[in-house]
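To convert, count from 1 in the sequence shown and add 569; that's the numbering used here. In this text, a Cβ means the ideal position worked out from N, Cα and C, and glycines have one as well. Structure first, then comments.
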Amino acid sequence: MRFILPVTTRPLLILLLIASTFLAGCGFHLRGDYDIPEELSMMSLTSNDQYSTLTRLVKGQLRMNEIQLVEPASNVANLHLNGESLSERTLSLYQNTRAAEKELTFNTSYRVTIPEVGTRTFSTSVTRSYLDNPLTALAKSAEREMIVDEMRKLAASQIIRQMARLKASIPNGNFEETDSNVQTQSELDNSNTINML
């Protein structure tokens, strides 16, 4: 028995085939799908706080990108999370000198070590601003926690994105650079302010 497509679906199938070939040819990847270097396909994850939320999120991102997590050893690549910090500053004030708008900045630094290649230290920063209404203090504290959690998720995603960019550095031998900083202010301009009064 032979399967024959109706005449009306043939042009759609051909168009779909051409579109998928074009997207694959131009290097299109789905969001969150990163091409991690072969040297990092099996690695260990260490942290100053093994039970922190950031460590858990990074571990999830590594597994999602099909990186095999193993115990630390001298012949295995290592991602070490050095630490995280959260700072806050006032952007604007109400007439009664209370803070009207605040900016939160989440910073984290991490180190990638590849055996026989070298070590490189990175830092990433995520910045968000939000309106602070003193009349709804309880709701604002819950909103602030949600924003901080979202910033941690973005930082974990940026760590994986930066590891994918290492693919060009490893064969060239310029892996020993340190303190590469990944900023997200320009990437988040459109979704930067959360306006809830």
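*asked:* Between valine 639 and serine 613, how many whole angstroms is the CB-CB distance? I'm expecting something under 8 Å.
replied: 6 Å
*Work out the CA separation of phenylalanine 591 and threonine 578 for me, nearest whole Å.*
20 Å
*Contact check, asparagine 780 vs serine 698 under 8 Å by CB: the rounded distance?*
Lying outside 570 to 766, the shown extent of the chain, residue 780 is not represented and no answer is given.
*Is it right to say asparagine 647 is buried, meaning 16 or more other beta carbons lie within 10 angstroms of its own, or is it exposed?*
buried
_Pull the bridge partners of glutamine 531 from the DSSP assignment, please._
Since the displayed the chain opens at 570 and closes at 766, residue 531 lies outside it and no answer follows.
*For isoleucine 716, does the three-state DSSP call read helix, strand or coil?*
helix
*Using alpha carbons as the reference points, say which of Leu650, Glu607 and Asp718 lies closest to threonine 674.*
Asp718
*Provide the residue span of the beta strand (DSSP E) that contains tyrosine 679, from first to last.*
668-683
*Taking buried to mean at least 16 other C-beta atoms within 10 Å of its own C-beta, is threonine 666 buried or exposed?*
exposed
*Just grab the DSSP bridge partners of leucine 735 for me.*
The partner list for leucine 735 (beta bridge, DSSP) is empty, contrary to what the question assumes.
*In the structure shown, what three-state DSSP assignment does alanine 642 receive?*
coil
*Count the other CB atoms, across all protein chains shown, that sit within 10 Å of the CB of glutamate 657; report buried if there are 16 or more and exposed otherwise.*
exposed
_Per-residue DSSP class, three states only, for valine 686_ = coil
*Give the straight-line distance between the Cα atoms of threonine 753 and serine 694, rounded to the nearest whole angstrom.*
Only weak support is given to the placement of threonine 753: the predicted model assigns it a pLDDT of 42, under 50, and the value that follows is read from those uncertain coordinates. One C-alpha to the other measures close to 6 Å.
*asked:* Report the CB separation of asparagine 634 from isoleucine 605 in whole angstroms; it is logged as a contact under 8 Å.
replied: 6 Å
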